[in-house]
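4 protein chains.
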Amino acid sequence: MNGFTPRDPDFEARVRANFDQQNFMELLGARLVSVAPGEVEIALPIRPALEQQHGYAHAGAAWSIADSAAGFSAQSLMAADEGVLTVELKINLLAPGQGERLIARGRVERAGRRLMVGRADVYAEAQGRETHVAIATGTFMVLPGLADKA
Amino acid sequence: MNGFTPRDPDFEARVRANFDQQNFMELLGARLVSVAPGEVEIALPIRPALEQQHGYAHAGAAWSIADSAAGFSAQSLMAADEGVLTVELKINLLAPGQGERLIARGRVERAGRRLMVGRADVYAEAQGRETHVAIATGTFMVLPGLADKA
Amino acid sequence: MNGFTPRDPDFEARVRANFDQQNFMELLGARLVSVAPGEVEIALPIRPALEQQHGYAHAGAAWSIADSAAGFSAQSLMAADEGVLTVELKINLLAPGQGERLIARGRVERAGRRLMVGRADVYAEAQGRETHVAIATGTFMVLPGLADKA
Amino acid sequence: MNGFTPRDPDFEARVRANFDQQNFMELLGARLVSVAPGEVEIALPIRPALEQQHGYAHAGAAWSIADSAAGFSAQSLMAADEGVLTVELKINLLAPGQGERLIARGRVERAGRRLMVGRADVYAEAQGRETHVAIATGTFMVLPGLADKA
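Chains as they are written, first to last, in our numbering: chain A, 237 to 386; chain B, 237 to 386; chain C, 237 to 386; chain D, 237 to 386.
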């Protein structure tokens with residue numbers, strides 16, 4: 237329990253609808269695992285198409301699900317008619333992304349009226365064991381009257 | 237002319253071979269446009285599969301080609317037996333990625349012995365006109381004796 | 237010439253008045269060198285009080301003048317009744333800050349209505365020669381109706 | 237208990253000696269509160285000399301103690317002959333720094349052999365109540381054989 241109270245009681249349905257509209261998540265093969273107020277988890281099975289030259293998942297795959305996990309965490313706290321936009325997001329890469337899947341756990345660090353700060357931690361799961369592979373911290377903008385087309 | 241002298245005369249062939257090994261670039265549909273010492277350009281045609289919920293290219297696509305453009309810029313200055321690893325990369329998003337294609341222009345800002353700092357600017361090209369859509373700045377590590385498998 | 241047109245013709249006087257109100261710049265010993273539309277330069281003589289444990293200028297001194305240089309660059313493009321706030325600023329440190337003085341050259345990379353993206357490059361000047369010591373990129377917020385108290 | 241085992245049993249004395257050598261911390265008026273393996277806390281009384289134009293503590297003061305808190309957290313895990321260098325550090329500002337003092341709590345997020353990733357959270361204490369004012373995440377380099385001059 238992080239203490240956040242959603243302004244839109246249908247926040248989960250809205251986030252799920254928006255996730256489903258992100259064709260890019262489908263291209264990657266990402267799946268929305270869970271949505272709670274200010275907290276979203278996304279999983280991405282690692283497969284050869286996601287690899288970089290060393291045979292690990294490309295950092296772009298980790299960045300992308302981190303962005304969606306933190307961004308949708310922010311959106312989960314917004315009003316029904318508000319959309320979300322990534323202003324900036326920095327990722328620090330801690331270890332190679334190898335194993336069966338990547339998991340991004342996003343959460344809101346501060347929910348402002350116009351800007352929200354979010355974080356996502358990315359883990360690589362291999363044989364049931366998680367390794368912390370990336371930390372992302374960024375700024376998300378509230379777009380009043382520009383609800384994501386759900 | 238940026239004044240960088242490559243340590244490996246075959247830098248372009250090496251960068252091209254490494255780019256070709258990044259399956260993830262192929263999944264996105266990215267193409268290596270040009271390689272010069274400390275400077276790499278990558279283009280990515282925008283198509284529905286890359287979109288987020290507002291109908292623009294997902295920021296993850298911009299981040300990914302920015303990472304590869306800046307990272308391969310760094311690698312172009314490394315010795316033949318050195319590999320490159322992204323330590324961290326932050327992107328600031330300036331405008332929506334819409335139009336025919338994204339173009340990432342990477343360059344090395346400082347070439348250290350163990351760490352390099354690189355930047356990539358991402359533009360969206362629409363009807364022959366470029367809009368600056370993102371700025372990425374990051375740190376890349378030199379991996380001695382761990383040349384990317386070319 | 238960067239092509240920016242200031243919305244407030246008195247932008248220079250306003251930026252100078254705001255700089256003078258930053259007690260922290262006085263504590264550091266920083267001086268406002270020049271103000272142009274979207275471009276501000278700040279100089280900081282290096283002295284023992286600014287040092288870290290290795291005898292170089294503390295990165296906090298570089299960050300602080302980079303923040304003020306980029307932030308005031310943003311403010312130079314704002315309307316007379318708008319204030320500026322740093323949302324986030326990342327610095328990459330390239331070389332030790334040693335010599336007679338640090339110089340931060342800020343400029344606006346994108347001037348949005350609500351958010352601006354700015355960059356500052358920090359140089360260390362020693363015996364008339366400049367070394368590039370840091371790159372900072374960040375987001376600055378426009379505060380309508382909350383002009384800095386000039 | 238974060239599970240870190242220091243490689244130098246005298247880590248606390250070494251960090252304290254290094255902190256005392258940072259003249260810049262003295263100029264700011266910062267004090268080293270506590271040192272544990274991978275965790276360092278620094279406090280900074282807010283006074284007029286630290287203010288920016290709105291009357292709050294300048295973000296440079298917050299950045300500086302965040303850098304020292306995260307950097308010394310990294311150093312606390314290093315061998316006796318290793319020094320620490322900030323590679324990059326990004327700060328997200330959440331709220332104005334107002335009240336009696338700023339407190340930076342640093343901790344190591346990943347301790348690598350050559351690079352460490354650290355985080356510092358900055359709080360402003362006013363009448364016994366803490367407000368979260370900043371989050372900083374950055375990369376710190378291990379400098380073998382270049383111990384900070386203790």
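Glycine is no exception: its CB is placed at the ideal position from the N, C-alpha and C atoms.
Over the uninterrupted alpha helix (DSSP H) stretch that includes residue i, give me the two end residues.
i	result
residue 327 of chain C	That residue, residue 327 of chain C, is in no alpha helix (DSSP H); its beta strand (DSSP E) goes 318 to 329.
residue 253 of chain B	247 to 257
residue 302 of chain A	295 to 311
Can you find a C-beta in chain C that's less than 8 angstroms from the C-beta of residue i?
i	result
residue 351 of chain A	yes
residue 375 of chain A	yes
residue 278 of chain D	no
residue 368 of chain B	yes
residue 260 of chain D	yes
residue 284 of chain D	yes
residue 287 of chain D	yes
residue 303 of chain D	yes
Which word fits residue i, buried or exposed, when buried means at least 16 other C-beta atoms lie within 10 angstroms of its C-beta?
i	result
residue 289 of chain B	buried
residue 382 of chain A	exposed
residue 249 of chain A	exposed
residue 244 of chain B	buried
residue 266 of chain A	buried
residue 369 of chain D	buried
residue 360 of chain B	buried
residue 284 of chain A	exposed
residue 269 of chain D	exposed
residue 273 of chain A	buried
residue 349 of chain C	exposed
residue 365 of chain C	exposed
residue 336 of chain B	exposed
residue 363 of chain D	exposed
residue 297 of chain C	buried
residue 391 of chain A	There is no way to answer for residue 391 of chain A, as the model of chain A reaches only from 237 to 386.
residue 241 of chain D	exposed
residue 342 of chain A	buried
Does residue i come within less than 8 angstroms of chain B when only Cβ atoms are used?
i	result
residue 346 of chain C	yes
residue 327 of chain A	yes
residue 371 of chain C	yes
Just checking: is the beta-carbon of residue i within a distance shorter than 8 angstroms of some beta-carbon in chain A?
i	result
residue 294 of chain D	no
residue 330 of chain D	yes
residue 263 of chain B	yes
residue 309 of chain B	no
residue 323 of chain C	yes
residue 257 of chain B	yes
residue 244 of chain B	no
Over what stretch of residues does the beta strand (DSSP E) that includes residue i continue unbroken?
i	result
residue 376 of chain C	365 to 380
residue 283 of chain D	Residue 283 of chain D -> no beta strand (DSSP E), and no H or E assigned at all.
residue 292 of chain C	Counting along the chain, residue 292 of chain C falls outside any beta strand (DSSP E), and DSSP gives it neither H nor E.
residue 346 of chain C	337 to 347
Quick check: is the beta carbon of residue i nearer than 8 angstroms to any beta carbon in chain D?
i	result
residue 270 of chain C	no
Under three-state DSSP, which class holds residue i?
i	result
residue 262 of chain D	helix
residue 239 of chain D	coil
residue 352 of chain A	strand
residue 272 of chain A	strand
residue 315 of chain D	coil
residue 357 of chain D	strand
residue 385 of chain B	The predicted model places residue 385 of chain B with a pLDDT of 49, which falls under 50 and marks its position as unreliable, so this point remains unresolved.
Residue i: beta carbon under 7 angstroms from a heavy atom of the ligand GDP?
i	result
residue 264 of chain C	This structure lacks the ligand GDP, and indeed carries no ligand of any kind.
List the residues of chain F whose Cβ lies closer than 9 angstroms to the Cβ of residue i, in chain order.
i	result
residue 300 of chain B	Here chain F cannot be found, since the structure's protein chains are A, B, C and D.
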